[in-house]
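Notes follow once the structure below has been shown.
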Amino acid sequence: MFPLNAWYVAAMPDEVAQAPLGRRICDLPIAFWRDAQGQVQAVEDFCPHRGAPLSLGFVRDGQLVCGYHGLAMGGDGKTVSMPGQRTRGFPCARAYPVAERYGFIWVWPGEAAKADVNAIPVPLWHAQEGWAYGGGLYHMPCDYRLLVDNLMDLTHETYVHASSIGQKEIDEAPVATQLLPSGQVITERRMGGIHAPPFWQAAMTANGLDPQAKVDRWQVCRFVPPSNVLIDVGVALEGQGGFDAPEHAKVASVVVDYITPESATSCWYFWGMARHFKPEDTALTDAIREGQGKIFAEDMEILRRQQENLLRWPDRALLKLNIDAGGVQARKIIDQMLAAEAPQG
Amino acid sequence: MFPLNAWYVAAMPDEVAQAPLGRRICDLPIAFWRDAQGQVQAVEDFCPHRGAPLSLGFVRDGQLVCGYHGLAMGGDGKTVSMPGQRTRGFPCARAYPVAERYGFIWVWPGEAAKADVNAIPVPLWHAQEGWAYGGGLYHMPCDYRLLVDNLMDLTHETYVHASSIGQKEIDEAPVATQLLPSGQVITERRMGGIHAPPFWQAAMTANGLDPQAKVDRWQVCRFVPPSNVLIDVGVALEGQGGFDAPEHAKVASVVVDYITPESATSCWYFWGMARHFKPEDTALTDAIREGQGKIFAEDMEILRRQQENLLRWPDRALLKLNIDAGGVQARKIIDQMLAAEAPQG
Amino acid sequence: MFPLNAWYVAAMPDEVAQAPLGRRICDLPIAFWRDAQGQVQAVEDFCPHRGAPLSLGFVRDGQLVCGYHGLAMGGDGKTVSMPGQRTRGFPCARAYPVAERYGFIWVWPGEAAKADVNAIPVPLWHAQEGWAYGGGLYHMPCDYRLLVDNLMDLTHETYVHASSIGQKEIDEAPVATQLLPSGQVITERRMGGIHAPPFWQAAMTANGLDPQAKVDRWQVCRFVPPSNVLIDVGVALEGQGGFDAPEHAKVASVVVDYITPESATSCWYFWGMARHFKPEDTALTDAIREGQGKIFAEDMEILRRQQENLLRWPDRALLKLNIDAGGVQARKIIDQMLAAEAPQG
Numbered sequence: 001m002f003p004l005n006a007w008y009v010a011a012m013p014d015e016v017a018q019a020p021l022g023r024r025i026c027d028l029p030i031a032f033w034r035d036a037q038g039q040v041q042a043v044e045d046f047c048p049h050r051g052a053p054l055s056l057g058f059v060r061d062g063q064l065v066c067g068y069h070g071l072a073m074g075g076d077g078k079t080v081s082m083p084g085q086r087t088r089g090f091p092c093a094r095a096y097p098v099a100e101r102y103g104f105i106w107v108w109p110g111e112a113a114k115a116d117v118n119a120i121p122v123p124l125w126h127a128q129e130g131w132a133y134g135g136g137l138y139h140m141p142c143d144y145r146l147l148v149d150n151l152m153d154l155t156h157e158t159y160v161h162a163s164s165i166g167q168k169e170i171d172e173a174p175v176a177t178q179l180l181p182s183g184q185v186i187t188e189r190r191m192g193g194i195h196a197p198p199f200w201q202a203a204m205t206a207n208g209l210d211p212q213a214k215v216d217r218w219q220v221c222r223f224v225p226p227s228n229v230l231i232d233v234g235v236a237l238e239g240q241g242g243f244d245a246p247e248h249a250k251v252a253s254v255v256v257d258y259i260t261p262e263s264a265t266s267c268w269y270f271w272g273m274a275r276h277f278k279p280e281d282t283a284l285t286d287a288i289r290e291g292q293g294k295i296f297a298e299d300m301e302i303l304r305r306q307q308e309n310l311l312r313w314p315d316r317a318l319l320k321l322n323i324d325a326g327g328v329q330a331r332k333i334i335d336q337m338l339a340a341e342a343p344q345g
Numbered sequence: 001m002f003p004l005n006a007w008y009v010a011a012m013p014d015e016v017a018q019a020p021l022g023r024r025i026c027d028l029p030i031a032f033w034r035d036a037q038g039q040v041q042a043v044e045d046f047c048p049h050r051g052a053p054l055s056l057g058f059v060r061d062g063q064l065v066c067g068y069h070g071l072a073m074g075g076d077g078k079t080v081s082m083p084g085q086r087t088r089g090f091p092c093a094r095a096y097p098v099a100e101r102y103g104f105i106w107v108w109p110g111e112a113a114k115a116d117v118n119a120i121p122v123p124l125w126h127a128q129e130g131w132a133y134g135g136g137l138y139h140m141p142c143d144y145r146l147l148v149d150n151l152m153d154l155t156h157e158t159y160v161h162a163s164s165i166g167q168k169e170i171d172e173a174p175v176a177t178q179l180l181p182s183g184q185v186i187t188e189r190r191m192g193g194i195h196a197p198p199f200w201q202a203a204m205t206a207n208g209l210d211p212q213a214k215v216d217r218w219q220v221c222r223f224v225p226p227s228n229v230l231i232d233v234g235v236a237l238e239g240q241g242g243f244d245a246p247e248h249a250k251v252a253s254v255v256v257d258y259i260t261p262e263s264a265t266s267c268w269y270f271w272g273m274a275r276h277f278k279p280e281d282t283a284l285t286d287a288i289r290e291g292q293g294k295i296f297a298e299d300m301e302i303l304r305r306q307q308e309n310l311l312r313w314p315d316r317a318l319l320k321l322n323i324d325a326g327g328v329q330a331r332k333i334i335d336q337m338l339a340a341e342a343p344q345g
Numbered sequence: 001m002f003p004l005n006a007w008y009v010a011a012m013p014d015e016v017a018q019a020p021l022g023r024r025i026c027d028l029p030i031a032f033w034r035d036a037q038g039q040v041q042a043v044e045d046f047c048p049h050r051g052a053p054l055s056l057g058f059v060r061d062g063q064l065v066c067g068y069h070g071l072a073m074g075g076d077g078k079t080v081s082m083p084g085q086r087t088r089g090f091p092c093a094r095a096y097p098v099a100e101r102y103g104f105i106w107v108w109p110g111e112a113a114k115a116d117v118n119a120i121p122v123p124l125w126h127a128q129e130g131w132a133y134g135g136g137l138y139h140m141p142c143d144y145r146l147l148v149d150n151l152m153d154l155t156h157e158t159y160v161h162a163s164s165i166g167q168k169e170i171d172e173a174p175v176a177t178q179l180l181p182s183g184q185v186i187t188e189r190r191m192g193g194i195h196a197p198p199f200w201q202a203a204m205t206a207n208g209l210d211p212q213a214k215v216d217r218w219q220v221c222r223f224v225p226p227s228n229v230l231i232d233v234g235v236a237l238e239g240q241g242g243f244d245a246p247e248h249a250k251v252a253s254v255v256v257d258y259i260t261p262e263s264a265t266s267c268w269y270f271w272g273m274a275r276h277f278k279p280e281d282t283a284l285t286d287a288i289r290e291g292q293g294k295i296f297a298e299d300m301e302i303l304r305r306q307q308e309n310l311l312r313w314p315d316r317a318l319l320k321l322n323i324d325a326g327g328v329q330a331r332k333i334i335d336q337m338l339a340a341e342a343p344q345g
């Protein structure tokens, strides 16, 4: 269902600012909080005393205190204290490797010994200067793999997002898909000499380009295991090199899709956009976030209803067309990860 | 559970005016839409590409276009086109026989080869001049057979509809039930020399009769397989012949109950009234629809709670009294239809 | 799950004033109403005719009349009459022993022959003069035993009710638990020379004591099988004898917790407070009810979430600390009652 030996985005930093956060990840209820040094900690969300969720409690001196009878827990899952009790023999709660990196809190729901915080990929917009990021969080009523499929086949933009980023030429442009040795999957499409759709016209205007000018548009979707998708998107004035055009002749962004399974039929969707123009313009960041939020909300209903239909017809084989190759390859990688975690023999 | 080789009312025509309609019938999700000629088409509500419900899409050139990636389907369940794809080898969606007749859209959820559109019964109010019809649609939280029972035993009017059409004399009048060779079941009751209840007093006033006059009242319930009930109801001035009284001395209607299973515990209830007086008076049609809608909504809570109770006590045998004979006979017909559809041997 | 051969509080008297009341108790849907003498009657909430809940009907001449087709039932579960029917052969509904005692309606969901109304315990505040009572009813989303646990370990007050009755000294005071031969369990705690928390300061003021004075506080929790908890609580001026202090030097109450299982994961919580000061002051009764209602509502969310967690981890053993001894002993009594009711051999 979900690979466990992997880093998943668990939360945005401000979700674990003061109060603890309870969130189910890969069907594991986990309590997150910040210790006295401000480091995020994560343990299973079950008090060893009477089973109440620890995340309903509060933080005191960097420990997570159960809101029912006051058991205090450390980030290692050991009970530190409880009023009137000797706690040395208390059973431990499971602690999860957790890290705050690149604007997100990440958790490793699998074997702790295998967790290497350096394996969290450094995003381009953190590695380079000149980028700005804005985004949000949606709870999606579907298997996380349906959302990966969605993002690895952008022909849906023409239909689901017709009024913003969709346009007929997406359907008409051929798509090329490749599997990289790293397990990443890239599926890309280029459209030359077209008019930009409304979302990109607004971005051109914001960046000082004539929104009516003909452009070359690109979409390069990159699946990053276990379940994230980063998409290079943008438009450049026609004939300037597209993705490789000089800065002044293009508008380029990365659509960020960090997808974290919650259960077999739901997932957390940390979406956002990192842009390489006007990074200091926070009003523009807000405007893009609002626009992107509306666009991505359009996917929610169709994914919910697709999920319901697939549950109703579990044995029905779906088509795997050329446009689906990105999702198909991504699922193969996920299946390999699952097989590697399965008990032997 | 439900006979499939039968015509069921699927929708009212204006429900499939512009946009497609998705509706579950006999546990089968079905998408309805109008083709270029305005003919209603019906296919299973599952896109062969990725399983999204086709009914979330739109109609273009008479074809149903999936709202996710643009697959276009014809009324025969064959994919007509999809951007950038050769669709000849695509698997077919199941197409359902469908017809628009007598003010409703009908669907045949069973074997298409057995569907004969001429088997849809012609209602009296379409066969004759001088009738008007008004009605509505309710989603009922019960097995469709509980609603058939409800309508084949009108003694419930005294209790559930006490303020409108109920009256003590219903309970007191004997009921006679007969099974016709056609599989129809008739259960009828006549009450002589009584005062009309409020609903019928209003109808008498609307028709120029003294609402305080003594009347003869009739209720002739007709079960029409697989699951519909048509009820001749009315009052005539006392001693004028009741149902057979001359037009000027009576107020007569047909209560129309087209009942279509949705699932094992829910159904669609197309209710209405066809009346044989003042057919041109559309304000009267609206007033009757509103009054009938309120009355029929009174059944909803008791049927929901009856359904819950029966699910809790599935093995409890219910009584089958004389007043229940109509429902009991109707269920026998339904059971015969089910047996005829069951696999042999 | 629940002992059946026991008296449970089913309702407050005014819940069965005019209309019938339907309530599920120990997973048994039961209809309650008052007969012509005002005596409460209780039968299973299932009409023998067609299975509708009898509690949806009405009372006529002291009989419960089904709101669907008018079957009238007596308190013995026998059908008394039905319009147009001979009812002698109708199957009986199950009748439950029921009694109105000490301000509540009690029901015995088990074997009627074993029900002895004199076994209903007489509460202190009915046996003596000078008491006043006020309370309410909550529907709790948890196994009734989790609520018993909650009330037999008041260290949770420090955390769940920090702003009203909680205080640090509860955690610090040792607790003593004993099992009485009657099957009652007592767990008690005494705190000497402390400052009263806000709720008790208000009670001291209402009773003419200085709210800032140092006090001795007591909590004596008494589990009364099958599932009720009565708690002697109060504060006395320091050194005056605590619970045994003279009336003028203390404020004493009994917290009343009548707990009745609804299902495996829900229960009815009849909570209240009987106080032994200013019994004639109805405004004070209302004020205490409002304050107590707010305090007890604070338990609801944590119990709901604890229940969810325990369902998710059904095999996880919980800790049984000294503070949990009251609940642990209470569950042993419940288990003995269940074993006594289990089929032999």
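Residue numbers (UniProt numbering), protein chains in the order written: chain F, 1 to 345; chain E, 1 to 345; chain G, 1 to 345.
Beta carbons: idealized from backbone N, C-alpha and C, even for Gly.
Examine chain E for any beta-carbon lying closer than 8 Å to the beta-carbon of H139/G, and answer yes or no. For H139/G, the answer is no, since every Cβ of chain E falls outside 8 Å of its Cβ.
Check this for me: beta carbons of K114/F and C92/F, under 8 Å apart or not? Using a Cβ distance threshold of 8 Å, K114/F and C92/F do not count as a contacting pair.
Would you kindly report the start and end of the unbroken alpha helix (DSSP H) that includes R289/G? For R289/G, the enclosing alpha helix (DSSP H) begins and ends at T282 to R312.
Minimum C-alpha distance to G130/E - residue among S253/E, Q306/E, D324/E and V215/E: When only C-alpha atoms are compared, the closest one is S253/E.
Kindly indicate which three-state DSSP category I194/G falls into: helix, strand or coil? Assigned with DSSP and collapsed to three states, I194/G falls in strand.
For D257/G, list the residues DSSP reports as bridge partners. BP columns for D257/G point to V229/G and W271/G.
What residue ranges within the stretch 25-73 of chain G form continuous alpha helix (DSSP H) runs of no fewer than 4 residues, ordered along the chain? If you keep only unbroken alpha helix (DSSP H) runs of at least 4 residues inside the stretch 25-73 of chain G, you get nothing at all.
Taking the straight line between their C-alpha atoms, what separation do you get for P246/F and Q240/F? Their backbone Cα atoms lie some 7 Å apart in a straight line.
Members of the stretch 154-186 of chain E that neighbour chain G once the beta carbon cut-off is set at 9 Å: Correct list: T155, H156, T158, Y159, V160, K168, I170, D171, E172, A173, P174 and V175.
Look at the alpha carbon of W125/F and the alpha carbon of L4/F, and state the distance between them as a whole number of angstroms. A straight line joining the alpha-carbon of W125/F with that of L4/F spans about 27 Å.
By alpha-carbon positions, which one of H69/F, P225/F, Q85/F and G62/F ends up nearest to D76/F? Just measuring C-alpha positions, the residue of H69/F, P225/F, Q85/F and G62/F sitting nearest D76/F is G62/F.
CB-CB length for R271/E against D257/E, believed under 8 Å: Per the sequence shown, the amino acid found at residue 271/E is Trp instead of Arg. With a Cβ gap of about 6 Å, W271/E and D257/E count as contacting.
Classify H156/G: buried if its beta carbon has 16 or more other beta carbons within 10 angstroms, exposed otherwise. H156/G counts as buried, since no fewer than 16 other beta carbons sit within 10 angstroms of its beta carbon.
What are the boundary residues of the alpha helix (DSSP H) that includes Q18/G? Per DSSP, Q18/G belongs to no alpha helix (DSSP H) and is neither H nor E.
Member of K250/F, C221/F and S227/F whose CA lies at the smallest distance from the CA of K214/F: Nearest option by C-alpha distance: K250/F.
Identify whether Q219/G lies in helix, strand or coil by the three-state DSSP scheme. Correct three-state label for Q219/G: strand.
Any Cβ of chain F within less than 8 Å of the Cβ of I302/G? Yes, contact with chain F.
With a cut-off of 8 Å, does the C-beta of P53/F fall near any C-beta of chain G? At least one beta carbon of chain G lies nearer than 8 Å to the beta carbon of P53/F.
Within 10 angstroms of the Cβ of E44/E, are there 16 or more other Cβ atoms? Answer buried if so, exposed if not. Looking at its Cβ environment, which holds 16 or more other Cβ atoms inside 10 Å, E44/E is buried.
Would you decide whether Q344/G is buried or exposed? Buried here means 16 or more other CB atoms lie within 10 Å of its CB. Burial state of Q344/G is exposed, judged by a 10 Å Cβ sphere holding fewer than 16 other Cβ atoms.
Pair within 8 Å by beta-carbon distance, T265/G and C142/G: Cβ atoms of T265/G and C142/G: closer than 8 Å.
Any contact of the stretch 296-313 of chain F with the stretch 134-154 of chain F, i.e. 3+ C-beta pairs under 8 Å? Yes: the two stretches touch, three or more of their Cβ pairs being nearer than 8 Å.
Grab the span of the alpha helix (DSSP H) containing Y138/E for me, first residue to last. Note, Y138/E: premise wrong, no alpha helix (DSSP H); beta strand (DSSP E) at A132 to M140.
Do you know whose CA, among L338/G, Y96/G and H69/G, lies nearest G84/G's CA? Closest by alpha carbon: H69/G.
Min CB distance R24/F to chain E below 8 Å: Not an interface residue.
Start and end residues, alpha helix (DSSP H) containing R101/F: Per DSSP, R101/F lies in no alpha helix (DSSP H) segment; the continuous beta strand (DSSP E) that holds it begins and ends at V98 to R101.
Mind checking which residues open and close the beta strand (DSSP E) that includes L179/E? Note, L179/E: beta strand (DSSP E), V175 to L179.
Do you know offhand how far A206/E's Cα is from R289/E's? Using only the alpha carbons, I get a separation of about 14 Å.
Helix, strand or coil for A249/E, going by three-state DSSP, please let me know. Look at A249/E here: in three-state DSSP terms it is helix.
Taking the alpha-carbon positions, what's the V175/G to I323/G distance? Per the coordinates, the alpha-carbon of V175/G lies some 7 Å from the alpha-carbon of I323/G.
Flag this pair as yes or no: are the beta carbons of V235/G and D216/G separated by less than 8 Å? With contacts defined as CB atoms closer than 8 Å, V235/G and D216/G qualify as a contacting pair.
CB contact below 8 Å: W313/G versus chain F: Yes, W313/G counts as interfacial toward chain F.
Run through chain F and tell me which residues come within less than 7 Å of T261/E, C-beta to C-beta. Looking at the sequence provided, one finds Pro at residue 261/E rather than Thr. Chain F residues near P261/E: none, gap ~16 Å exceeds 7 Å.
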